[in-house]
Structures are given as C-alpha cells and as structure tokens.
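A.B. asks:
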Amino acid sequence: MSKIGIVIKREYLNRVSKKSFIILTLLTPFLMVALVLVPLWLASIKGSDVRNIAIIDATGKYAPLFEDTDNYRFMQGDKSLEDYRIDFGEIYAVLNITDDLLANPKAATLYSDKQVPGELSRLINQTIRPRLENDKLATFDIPNLKEIIEESKVSFEVQTIKWGTDGTEQVSSAQVASIVGMIFTFIVYMFVMIYGAMVMSSVVEEKTSRIVEVMVSSVKPFDLMMGKIIGIGMVGLTQIFLWGILTMVLFMVGGIFFGASMGMDANALQQGMQMGAAPVATMTPGGEIFAMINSINIAEIAIFFVGFFIGGYMLYAAIFAAIGSAVDNAEDTSQFMMPITMLMVFALYAGIYSMDNPDGPLAFWCSMIPFTSPMVMMVRIPFDIPLWQTLLSLVILYASFIGLVWVSAKIYRVGILMYGKKPSFKEMAKWLKYK
Amino acid sequence: MYFLETEDVVKQFASHRALDKVSIRVPQGKIFGLLGPNGAGKTTLIRIINRITAPDSGKVYFNGRESQPDDIYRIGYLPEERGLYKKMKVGEQAIYLARLKGLTYMTARERLIKWFEKFDIMPWWNKKVEELSKGMQQKIQFVATVIHEPELLIFDEPFSGFDPINAELLKNEILALKEAGHTVIFSTHNMASVEEICDDIALINRSRVVLSGQVDDVRERYKTNNYTLHIKGTHGLLPEWCTVLSEKERNGVAEVRIHKENDISNSQLLTSLAEQCEIISFKEEIPSMNDVFIKVVSESNNQ
Chain A
219 MSKIGIVIKR EYLNRVSKKS FIILTLLTPF LMVALVLVPL WLASIKGSDV
269 RNIAIIDATG KYAPLFEDTD NYRFMQGDKS LEDYRIDFGE IYAVLNITDD
319 LLANPKAATL YSDKQVPGEL SRLINQTIRP RLENDKLATF DIPNLKEIIE
369 ESKVSFEVQT IKWGTDGTEQ VSSAQVASIV GMIFTFIVYM FVMIYGAMVM
419 SSVVEEKTSR IVEVMVSSVK PFDLMMGKII GIGMVGLTQI FLWGILTMVL
469 FMVGGIFFGA SMGMDANALQ QGMQMGAAPV ATMTPGGEIF AMINSINIAE
519 IAIFFVGFFI GGYMLYAAIF AAIGSAVDNA EDTSQFMMPI TMLMVFALYA
569 GIYSMDNPDG PLAFWCSMIP FTSPMVMMVR IPFDIPLWQT LLSLVILYAS
619 FIGLVWVSAK IYRVGILMYG KKPSFKEMAK WLKYK
Chain B
517 MYFLETEDVV KQFASHRALD KVSIRVPQGK IFGLLGPNGA GKTTLIRIIN
567 RITAPDSGKV YFNGRESQPD DIYRIGYLPE ERGLYKKMKV GEQAIYLARL
617 KGLTYMTARE RLIKWFEKFD IMPWWNKKVE ELSKGMQQKI QFVATVIHEP
667 ELLIFDEPFS GFDPINAELL KNEILALKEA GHTVIFSTHN MASVEEICDD
717 IALINRSRVV LSGQVDDVRE RYKTNNYTLH IKGTHGLLPE WCTVLSEKER
767 NGVAEVRIHK ENDISNSQLL TSLAEQCEII SFKEEIPSMN DVFIKVVSES
817 NNQ
C-alpha cells in the first residue's frame, strides 16, 4: 500500500471508530426525523377532555350554527351571564351574543375564567363568518348574487413548462428547483465548514503533539497532508451517506407507523415531510409535486453535486491544512480563519441570491470563481443552466484546487516544522520559495 | 569507506544562515556524534540528511552516490521534538509508524512484539498513549525508529527524559545496534555519553563545522600536557622542561600537578621522575569532551 493510502486509512478508521462519531451519526437522523414528525404528531393529538361551551344567544340566529367538534361541545346556555360568572360549573366558556351581528359586529363576546385558546376563537369566527357573509349578500337584494360570486372565484396559478431540446414538455417548478438547490448548497456549506475545520485541528494537533517530525521522516509532507484531507473527506462522505440512508429509512418506518396510527393519507404525510416545501405542497396537489420533482434531473444533479462537493471540500480543506500548519495552537487560527469564513459566508449568500436569477451576472460570475462556485452552482444546477457553464465551472474549480494544494503543500511543509511564533501572511508567502 | 557524507551543505532561512558549507563524513558501522550548542544548525543538518528539507547548495552522499528519495527508508530518525498520537492505542500506533516505514502488517507486528517484550512494555499494547509516562513513550518512539532495521540511525538527544536505568538500557541498545553493523548518528549535549559511545564527532558552532575527527584524536589534540602524580616523600629537582603547577601534602603522600613540554614523551617524563622519587600513581590529564566542547565553542565565538 502506498504511503498516502496508509495515512488515509488511519485518518479514516481512527475517526470512524470513535464513539462520538458513531453516536452522532446514528442519533442525528433520529433527531432530524423527530424534528419533523414530533410536531406533526403533537399537533394531531386531540385534547383528551371535551370542553363545554355555553351559548347565550339573544337573537337565536347563531346558536344553531354551532356543531360539536372533537374538543368542544356547544350547548344552549340555561343561566344568565351573571349566574355563569358566579358559578361556571361544567362550562368552560360562555359565548354571549346580544344583538344582530351584522348590525353590531361587537355584540358577540366570549367569556371564560381561563385563557381562551386561539383554536376556540377561530372555530367560533369560522362558524359565524359565512353566515354573516350570506346575510350581508342578502341585503343587496340581487337575485342569484351568491351564485355569481361563487362563479367569479377563480383559482389561478401560472404553469411553467420547460421545453426539452428534444421537443418534450415537462412541468417544472422554480420553487422545487430552489428548494433542492438550497438543500444541496447548505450541505456543501456545512460539510466544508465542519470537515475543513476538522482538517485544520487535526494538523494543529499533530503539530502540538510534536509527532509531525517523526511522521515527515517517513512520509512526504504532501502525502501526509493529502492523506489527511482525503481521509477526513471520506469520513464526511460516510457520515452524510449514512445520514441520508438512515433518515430515509426512518421516515419510511415513521411514516408507516404515523400514517397508520393516525389514519392520515399518504399525501398529507408527504406534505408533512416537506416541511420546508410547505408553500408548494399546499398549493399543488401531491401528484403534481412528484411530477415537478421528477422534472428535475436527479441523476444529473447527484453527479454534479458529488463533483462540486468534493472539489469544494478539497479546495477549502487545502487552505485549512495550510493554516493549521502555520500556527502553533488552535487559538491562533482565528486570524487566518476570518477571511476564509467571510469567503464562505459570501458564497452562501451569493447562492441564496442566485436563486432568484439563476442566469444573472452574479450567479454566473460567482460560479466561475472557485471559492464560491461549489455553493452557487448547487443552487443553479437544478435550474438547468447551460452545460458548458457547469463544466467550465468544474474545470476552474479543479484547476484551482490543484494550484492551491501545491501552494498549501509548500506552506504546510515549512509550517509544520516551525514553532514559536505566529507567522504573518507575508512570511507564509516567503515559505513558498523555500526548497 | 564513508557511509554518509555531506559536502558543503548550505541552508539559508530568510535572514539567518543555518548551515554554512557544512561537510561531515560518517564512517560505516560507527557511532558518529554530532555536537554543538543550541541553535548551531544540527537539527537542520539532520533534516537535510532525512530529506525533510532540501539544502540550498551542497550535496549529501549515501555510500558514495548522491542521496535519493528512497534513501529515507534506509534511515531511522528519532527527532528531538518527538511525540505520538495521544488518542491512539500504543500497538496500533507502533504498527502505523512501522507500516509507514515500508513494513507489511505482519512483519511490523512480529518485530514490535519482540521489541516490546525486550523493553517490558507489552502490557501497554492496548493502552492509549496519553495514559503512558514520558519514559514509556520514549521507549515506544525508540522502537518505532529502529523497527525497519535501517542502515543509518539518527538519534537527536535520545537520552533526554530518561531515568538513569532506562538511559543505560538505551545506551546498550545503541551499542548493540552498532555491533549489528548499523551506522549511527548521535546528536547530544551530553558530553559524557559522547566519550562513552561515540567513535567520531563533528562539532558544529554557528552554522560551521569547527572540529571533527575521532574522539580519541580530538581529545589527544586538546591535551594540556598536565599530569597528576602521587609520590612518597618529596621530589628532588625536576628537569627544566617540567614545571610544577601545584603541590599538596597529606600523610606523607604528596599530590603534584606538573606540566611538561610538548616534545617530551611520557616515558621520558616517567624515567626522570622515577629517579627522583617513589611514584605511587601517575595520570595524564586528558581533557574530557566537555572541556573540549567548551574550549572550542568559546574560541570560535571569540573569533
């Protein structure tokens, strides 16, 4: 096995076999699933006790409108409001309607000795409002007015069709594309941040534990650096892969259990799962969502995602490794971390703004700059931008990755054996000239 | 035959010249002491031999041919700044280091077990490094250095951090390695150990080699021609090439320190002394390496 392979193996196995890694990898999917399913589940729990609402309706017009629900039972008030005030008894709240509500909208009041839940006021409003609307319409005295209004309610949403080069038509949705792109962008961002920092702290650790000189007497510094970057990258890929699989399995299991026990239809569950996609889900029927998701070329996105993901990670990891090698301890890294963090945050924002105009100049130029392209391109790819742009962006990314690794390796080689003082950028530039 | 030679090696850091035309010759199968005060450039030279850094000019030769990248597998290097991965298990880590030296897993394991048993550290095989004492860690580092049985071994301050018993153990191991035909470069400030184990030395001060040669020759070169003798009674008149430096008497035995001129041999001195008095002991004051070191370094600093 080559040296770099041995280093990769150690970096990988050492991390993957750590208890903290195993626990985090196994627990996070549960957390993610719980984050989506538990609120849904909680929301679906009906209050166990049924609350009695007494209605004192002076007009007699509104009381019959109320129908009992799972949580509330409506009944005619048999006492005066004053009597209820003294003794509520079994009654939870009293709805007092003193006058015709069309003439006097403030004539209805809900009394209770407890904080009235929003749910109850909403229920009452929803019950009374249609009746009032009807009453109001009736006052105009126009025949068939109700039918006219009913007909004039038009539901409209523009349908977007993407023409394929082969003449096919596909239903597309900018929203679905944005969401898919955003998810991938965040994954890239998180991954680069977390695992890039891991590369850095690993280099710092090697330096502070003074093992590095033992290492470089048998491994070339370049091999040591690359082995570390690749090894840690593979740890990250493993974690993301496991998270993906586990989350999917858990959603399926949870979905079956949840769907069965709550009697929810698959469509509603689908909506619940796409919590982020809520606006889409509520506006379009489930079948259409799937058509839209299908309109996005998953295979193509996946391939480019892996390409940009690896390229972006390697690019930043090389910088992180160089920074780690230049300092003596973790505290000193902040000075060098600042510009990198700013660059990454800028990339993230560029990605978010590119969503509104995936073909605009900001999006285009940021996808040509290697430091921002992994994130910006992840937003743009689901929008089906020209292939040459994607490929050019990849070429630039990998070319600059190679260049940067070369520079970082030089800094790394000198840096790991330098102790004592924190170097400046100027000094690090000088190291490049060392043989 | 020299196993390793450096020829006019120059290494320049930004504003500081770490090595200035340094040439050393390390004979095959000998222990070579690389001496010098702190910051003289020893570690830089060792790093160049190890190909960790490259010289700005000058060459390194192995067995008469220029050093090549693969030569690092023929070197075992124990740096002064040494450490281990703290969170890793001892055995796992030793195997990792051995594999980086080009051993297969099986050979590495086999040899490590032998060494671990020899050093009595086998029970620590499955412990984490951070649980070990410093001396214990040093032993593991030593084992990792010699595990691939390299032709050339470089030890930078190997005895620092060892108690006398373990230092002795280590010294014997180094001598045994020499017996087995390994060439050893040994960098230290401890001059007593230099006298004990080194065959040849080079003394580096301020980036230059200021003294080199066989240990005995070097000491011979710096001898002072002073002698300490114990005699019975008093001595008569000494020859004119002989001066008395000091004289002390105790219980009828006098301790006399004398200085003779350079061209008089020890036998001549003894003969003329024997005529004068009864000699109980006669000892030439040969300078220790410590004396030589201090003398040479302060002389070259004054230049």
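For the record, the sequence lines run as chains A and B.
Add 218 to a position in the first sequence, counting from 1, and you land on the number used in the numbering used here.
Add 516 to a position in the second sequence, counting from 1, and you land on the number used in the numbering used here.
Ideal Cβ placement from N, Cα and C applies to all residues, glycine included.
Everything numeric in this text was worked out from a predicted model, so none of it was measured.
How about D672/B and T559/B: do their beta carbons lie closer than 9 Å?
C.D. replies: In this structure, T559/B lies closer than 9 Å to D672/B by Cβ.
A.B. asks: Mapping DSSP to helix, strand and coil, what is L487/A?
C.D. replies: For L487/A, the predicted model reports a pLDDT of 45, less than 50, meaning its position is unreliable; a value from the coordinates is still stated below. L487/A falls in the helix class under three-state DSSP.
A.B. asks: When you compare only the Cα positions, how much space is there between R631/A and P588/A?
C.D. replies: Using only the alpha carbons, I get a separation of about 24 Å.
A.B. asks: Just to make sure I have the definition right: I need the residues of chain B whose C-beta is within less than 7 Å of the C-beta of V437/A. Which are they?
C.D. replies: Simply L616.
A.B. asks: Cutting at 6 Å between CB atoms, please list the residues of its own chain near T661/B, excluding the five before and the five after it.
C.D. replies: Within the same chain, T661/B has close Cβ partners G592 and L594.
A.B. asks: Which first and last residues belong to the beta strand (DSSP E) in which A321/A is found?
C.D. replies: No beta strand (DSSP E) contains A321/A, which DSSP labels as neither H nor E.
A.B. asks: Please report the Cβ distance between K764/B and E794/B, rounded to the nearest whole angstrom; I am assuming they are in contact, meaning their Cβ atoms lie under 8 Å.
C.D. replies: So it is not a contact: roughly 17 Å between Cβ atoms.
A.B. asks: Assign I429/A to one of three DSSP states: helix, strand, or coil.
C.D. replies: Coil.
A.B. asks: Using a Cβ cut-off of 8 Å, pull out every chain B residue sitting near S427/A, in sequence order please.
C.D. replies: Within chain B, the residues near S427/A are G599, L600, Y601 and K602.
A.B. asks: When burial is assigned at 16 or more other CB atoms within 10 Å of the CB, is I206/A buried or exposed?
C.D. replies: Past the edges of chain A, shown from 219 to 653, lies residue 206/A, and the structure says nothing about it.
A.B. asks: Please name the residue or residues paired with D275/A in a DSSP beta bridge.
C.D. replies: BP columns for D275/A point to I315/A.
A.B. asks: Could you pull out every residue in the same chain whose Cβ sits closer than 6 Å to the Cβ of I540/B, ignoring the five residues on either side in sequence?
C.D. replies: Contacts found: T522 and A718.
A.B. asks: Applying the criterion that 16 or more other CB atoms from any shown protein chain within 10 Å of the CB defines a buried residue, is W624/A buried or exposed?
C.D. replies: With fewer than 16 other Cβ atoms within 10 Å, it is exposed.
A.B. asks: Can you find a C-beta in chain A that's less than 9 Å from the C-beta of T699/B?
C.D. replies: No, its Cβ sits nowhere closer than 9 Å to a Cβ of chain A.
A.B. asks: Could you work out which residues of chain B lie near K191/A, taking near to mean beta carbons separated by less than 7 Å?
C.D. replies: Because chain A here runs from 219 to 653, residue 191/A falls outside it and cannot be looked at.
A.B. asks: For N575/A, decide whether its Cβ has a neighbour in chain B, counting only Cβ atoms nearer than 9 Å.
C.D. replies: Judged by the 9 Å Cβ criterion, N575/A is not in contact with chain B.
A.B. asks: Measure the alpha-carbon distance for P439/A versus L260/A and round it to whole angstroms.
C.D. replies: Cα to Cα, P439/A sits roughly 55 Å from L260/A.
A.B. asks: With H, G and I counted as helix, E and B as strand and the rest as coil, what does DSSP make of N721/B?
C.D. replies: Note: N721/B maps to strand in three-state DSSP.
A.B. asks: Among the residues of its own chain, which have a CB less than 8 Å from the CB of A708/B, if the five just before and after it don't count?
C.D. replies: Counting only Cβ-Cβ distances below 8 Å, and skipping sequence neighbours, we find S804, M805 and N806.
A.B. asks: Taking only three categories from DSSP, how would you classify I240/A?
C.D. replies: In this structure, I240/A counts as helix in the three-state DSSP scheme.
A.B. asks: List, in order along the chain, the chain B residues whose C-beta lies closer than 8 Å to that of T648/A?
C.D. replies: For the sequence presented, residue 648/A should be read as Lys rather than Thr. Within 8 Å Cβ-Cβ: A530.
A.B. asks: Say whether chain A places a C-beta atom closer than 9 Å to the C-beta of P553/B.
C.D. replies: Chain A contact via Cβ: absent.
A.B. asks: Sorted by chain position, which residues of the same chain lie with C-beta nearer than 6 Å to D317/A's C-beta, five sequence neighbours on each side aside?
C.D. replies: A325.
A.B. asks: Between Q657/B and the rest of its own chain, which residues show a CB-CB distance below 8 Å, the 5 nearest in sequence each way excluded?
C.D. replies: Only L594, R598 and L600 meet the Cβ criterion.
A.B. asks: Any C-beta of chain A sitting closer than 9 Å to the C-beta of T569/B?
C.D. replies: Chain A contact via Cβ: present.
A.B. asks: Identify the contact partners of R228/A in chain B, using a Cβ-Cβ distance below 7 Å as the criterion.
C.D. replies: Here the neighbours are Y612.
A.B. asks: Taking all protein chains shown into account, decide if M556/A is buried (16 or more other Cβ within 10 angstroms of its Cβ) or exposed.
C.D. replies: By the neighbour-count rule (16 or more Cβ atoms within 10 Å), M556/A is not buried but exposed.
A.B. asks: So which residues on chain B does V434/A lean against when the C-beta distance must stay under 7 Å?
C.D. replies: Simply I568.
A.B. asks: Please name the residue, chosen from K537/B, L668/B and S723/B, that lies closest to S816/B on a Cα-to-Cα basis.
C.D. replies: Among K537/B, L668/B and S723/B, the Cα nearest to that of S816/B is on S723/B.
A.B. asks: Could you name the residues of the stretch 224–248 of chain A whose beta carbon sits closer than 7 Å to any beta carbon of chain B, in the order they occur along the chain?
C.D. replies: So the close ones are I224, R228 and N232.
A.B. asks: DSSP beta-bridge partners for C758/B?
C.D. replies: Looking at the DSSP assignment, C758/B forms a beta bridge with K776/B.
A.B. asks: Spatial neighbours of S420/A within its chain, please: C-beta separation below 8 Å, excluding the five flanking residues on both sides.
C.D. replies: Cβ neighbours of S420/A beyond the five flanking positions: E229, K446, I450 and G542.
A.B. asks: By DSSP, does Q528/B sit in helix, in strand, or in coil?
C.D. replies: Three-state DSSP puts Q528/B in a strand.
A.B. asks: If the criterion is Cβ atoms closer than 9 Å, does the pair V597/A and S626/A meet it?
C.D. replies: No, the Cβ-Cβ distance between V597/A and S626/A is not below 9 Å.
A.B. asks: Given that E375/A touches chain B, what residues does it touch there, using C-beta distances under 8 Å?
C.D. replies: Here the premise fails: no neighbours, minimum Cβ distance about 57 Å.
A.B. asks: Are F402/A and I634/A closer than 9 Å when you measure CB to CB?
C.D. replies: Not a contact, by the Cβ cut-off of 9 Å.
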